[in-house]
Amino acid sequence: MILVAGAVTFSLGFLFVCLVVPAESQPRWAALLLRGTLAVGAGIGLTSFLYFPLILAGAASPAVVIALDLAAAAACGLALRRRGSSAPPFDREMPVRPGVALPAAIATLASLLLLTPAIAARASGHPHGNWDAWSMWNVRAKYLAGPGDTWRNAVSPELIDKHSDYPLMLPAFIARTWEIAGSTSTLVPTVTGLVFFAAVLALVAATLALTRGTVAALVAALVLLANASYIGEATAQYADIPISFYYLATLALVILAGEPGTARIRLLAAAGVFASMAAWTKDEGLVFSAVCLAALLVVEGRRSGIRGWLPVICGAAPGLMIVLYFKLAVAPRIATPLGTQSATQLVGKLVDWSRHARSLEAIAGEAGWLGEGATHPLVLLGILAVTLRFRVEPERRGRVIFCGSVLAAMSAAYYLVYATTQADLGWLLSTTLARIGCQLWPAFLLTIFLALKPADQAPRH
Amino acid sequence: MAVLAVAGALNISRGLRLLESDTFLLSRRLDLLEPVRGIVPAGAGIGYLSDRPLADIEAAARLFSAQYALAPRLVLPWQRLPGARWVVGDFTSQAPIAGMAEKHGLRVVRDLGEGVVLFHKDLK
Chain E
206 MILVAGAVTF SLGFLFVCLV VPAESQPRWA ALLLRGTLAV GAGIGLTSFL
256 YFPLILAGAA SPAVVIALDL AAAAACGLAL RRRGSSAPPF DREMPVRPGV
306 ALPAAIATLA SLLLLTPAIA ARASGHPHGN WDAWSMWNVR AKYLAGPGDT
356 WRNAVSPELI DKHSDYPLML PAFIARTWEI AGSTSTLVPT VTGLVFFAAV
406 LALVAATLAL TRGTVAALVA ALVLLANASY IGEATAQYAD IPISFYYLAT
456 LALVILAGEP GTARIRLLAA AGVFASMAAW TKDEGLVFSA VCLAALLVVE
506 GRRSGIRGWL PVICGAAPGL MIVLYFKLAV APRIATPLGT QSATQLVGKL
556 VDWSRHARSL EAIAGEAGWL GEGATHPLVL LGILAVTLRF RVEPERRGRV
606 IFCGSVLAAM SAAYYLVYAT TQADLGWLLS TTLARIGCQL WPAFLLTIFL
656 ALKPADQAPR H
Chain F
7 MAVLAVAGAL NISRGLRLLE SDTFLLSRRL DLLEPVRGIV PAGAGIGYLS
57 DRPLADIEAA ARLFSAQYAL APRLVLPWQR LPGARWVVGD FTSQAPIAGM
107 AEKHGLRVVR DLGEGVVLFH KDLK
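Chains as they are written, first to last, in my numbering: chain E, 206 to 666; chain F, 7 to 130.
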């Protein structure tokens, strides 16, 4: 039954994604990979959204859950049929120089072959995940999947140490799959975490293959696979890899929407949907969706007036309404990391340079854990920056600036929390910095590779 | 650069194999608490009694593992769930279980071993 639940999830996601993402673009493998990876994230997010009202209504039986998911898939299928065909392809031709692409492909394959058995072994020997997985995320999923009113335990104010005010994307999806499967198998959260990890890798590669060429895609995948911290999170069963996927998917769709000849409106609407899924995943996603959607509204408003807002708003609104309803009517009121501090206290912390020194020292220390010596991913990016140089085509500059601005705003928001938190700063830094870095890493890589000159066009030294 | 990246992946794969699993003996705790799932109804709340302060990381791990093992039953320190009729005692010291039961007016339902006991508070 777990396979049935997975198949229903993917079918819904795939039909939804077929509405917006073309299959005929070149390279074809990248177009198919893009559809497949977005389908995974969309399917998980949509089924999680659909499960939530069923819980509230006390109607979350396996038959009802599957019926609702299939009805949503059928609605997407009908919409697809009515439109006659999917979106127009991305018509940019990407040069491929086999002399460069082949070594990059071999290296990427080698990295995958080295890491896959190690990740699989770690996942199977660690079925309950890391601390937060079994003490928070998966416990909440068990409450949601329980009989009667046990779902209320997932939002109990008594369980403040379980962040019972956090949005429910991941626990609701796991609970929904358990509900269909009829057991609380550890396979579900384990595979969900690994699927998101694989989807991130594939989405970075597919987006770059369609916009910057195959070599850029392969090299970006290589750098992603050289980040020890990110790989370590693959088996943690936390929400940080899923949220990194939704950040990445939102920005990737904004980038693709700017490619010539694409179904811009549909891609922007899909970006809105994925932004709302980020908000449904963690509180940080609420900040991301606010920042990203505000930036999109400014950009699209300047381009097309208020009409330019429609696709973004239509895409994001249904999901955000569920998130807001959850936050305002269901979740317990729990103090944010900023707490209930006065303006004087906040300003006092902001001008306390010792706090900044501690934060910056911890950030530098955490960056050191991403890799070792010359194989450190930031060193690899440095080598690429020196050898390839940055060059952004004028027609793509706006989108690179957009992605960079969103990531800068997110980094600033995270830093502001550290600077002013009521919690013990040392504890907060030591327990969250690595995961915060993981949330932003794939979107950061995508932005950097969009700005780097593709290796196919690099000057020979 | 590609060679360095592959070397990085090799380092990471080695590191992953060295990571410690089950630091808090979670699998053992799940096995130990499994009989409680067959006795206490899924919708019931369960009080939790410990002889260690929950600020201690190991004591917190024991509470959280009990919550994970027994979900969807809500497990909370007993003082935060005073109406609970089922109570899990989780003692690290050699505290006399009978004495603990008497002190709190509880009946021992099952001694699960390793200091873990399922109690019931009977109606008078």
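Even for Gly, the Cβ is constructed at its ideal location relative to N, Cα and C.
In the same chain as Gly513 of chain E, and ignoring 5 residues on each side of it, the C-beta atoms closer than 6 Å to its own belong to Glu505, Gly506, in chain order. Residues of chain E with a Cβ closer than 8 Å to the Cβ of Val12 of chain F are, in chain order, Ala312, Ala315, Ser316, Leu319, Leu427.
By the neighbour-count definition (other C-beta atoms within 10 Å, threshold 16), Gly334 of chain E is a buried residue. Within the same chain, and ignoring the five residues on either side of Lys658 of chain E in sequence, the residues whose Cβ sits closer than 8 Å to its Cβ are Leu593, Arg594, Phe595, Arg596. Setting aside the 5 residues that flank it on each side, Lys127 of chain F is surrounded in the same chain by Arg91, Leu112, each with a C-beta closer than 6 Å to its C-beta; the list follows chain order. Partner residues in the beta bridge of Ser56 of chain F, as assigned by DSSP, are F:Asp96. As the crow flies, the alpha-carbon of Pro582 of chain E is around 32 Å from that of Pro376 of chain E. Secondary structure at Gly89 of chain F: coil, using DSSP grouped into helix, strand and coil.
Here the stretch 353-361 of chain E makes no contact with the stretch 307-315 of chain E; the two share fewer than three CB pairs at distances below 8 Å.
Rounded to the nearest whole angstrom, the CA to CA distance from Pro267 of chain E to Val605 of chain E is 44 Å. Under the Cβ distance rule, Gly418 of chain E does not count among the residues neighbouring chain F, no pair being separated by less than 9 Å. Neighbourhood of Met7 of chain F in chain E, by CB distance below 7 Å: Leu585, Ile588, Leu589, in chain order. Sequence-distant partners of Gly490 of chain E (beyond 5 residues in either direction) whose C-beta falls short of 6 Å from its own C-beta, in its chain, are Ile448, Ala483, Ala484. Secondary-structure assignment with DSSP links Arg507 of chain E through no beta bridge to anything. For His110 of chain F, the enclosing alpha helix (DSSP H) has its first and last residue at 103-110. Secondary structure of Pro647 of chain E (DSSP, three-state): helix. For Pro394 of chain E, there is no enclosing beta strand (DSSP E); the enclosing alpha helix (DSSP H) covers residues 392-416. Take Leu501 of chain E, set aside five residues on each side of it, and the residues of its chain with a beta-carbon closer than 6 Å to its own are Val517, in chain order.
Looking from the CA of Ala590 of chain E, the closest CA among E:Thr652, E:Ala280, E:Val459 belongs to E:Thr652.
Using beta-carbon distances, Leu87 of chain F counts as an interface residue toward chain E, with a partner under 9 Å.
The contact set of Gln73 of chain F on chain E, defined by CB atoms closer than 7 Å, consists of Val344 in chain order.
For Phe595 of chain E, no beta strand (DSSP E) segment is defined, and its DSSP state is neither H nor E. Against chain F, a Cβ distance below 7 Å from His333 of chain E picks out Leu32. Note on the stretch 510-567 of chain E: whole alpha helix (DSSP H) runs with a minimum of 4 residues are 514-530, 548-555, in chain order. Short of 6 Å from the beta carbon of Pro394 of chain E, and not among the five residues preceding or following it, lie these beta carbons of its own chain, in chain order: Asn343, Ile379, Gln442. No Cβ of chain F is located within less than 9 Å of the beta carbon of Pro537 of chain E. The C-beta of Gln100 of chain F has fewer than 16 other C-beta atoms within 10 Å across all chains shown, which makes the residue exposed. Comparing alpha carbon positions, the residue from E:Leu319, E:Leu529, E:Arg560, E:His561 closest to Phe254 of chain E is E:Leu529. The stretch 327-402 of chain E contains, as complete alpha helix (DSSP H) runs of 4+ residues, the segments 343-350, 374-386 (chain order). Contacts with chain E at 9 Å (Cβ-Cβ) include Pro78 of chain F.
For Arg113 of chain F, the uninterrupted beta strand (DSSP E) segment begins and ends at 113-119. Ile18 of chain F reaches chain E at Leu320, Ala433, Ile436, counting residues in chain order whose Cβ is nearer than 7 Å.
If you check the CB distance, Met374 of chain E and Phe493 of chain E do not come in under 9 Å. The three-state secondary structure of Leu80 of chain F, taken from DSSP, is strand. Within 7 Å of the CB of Leu25 of chain F, the CB atoms of chain E belong to Arg327, in sequence order along the chain.
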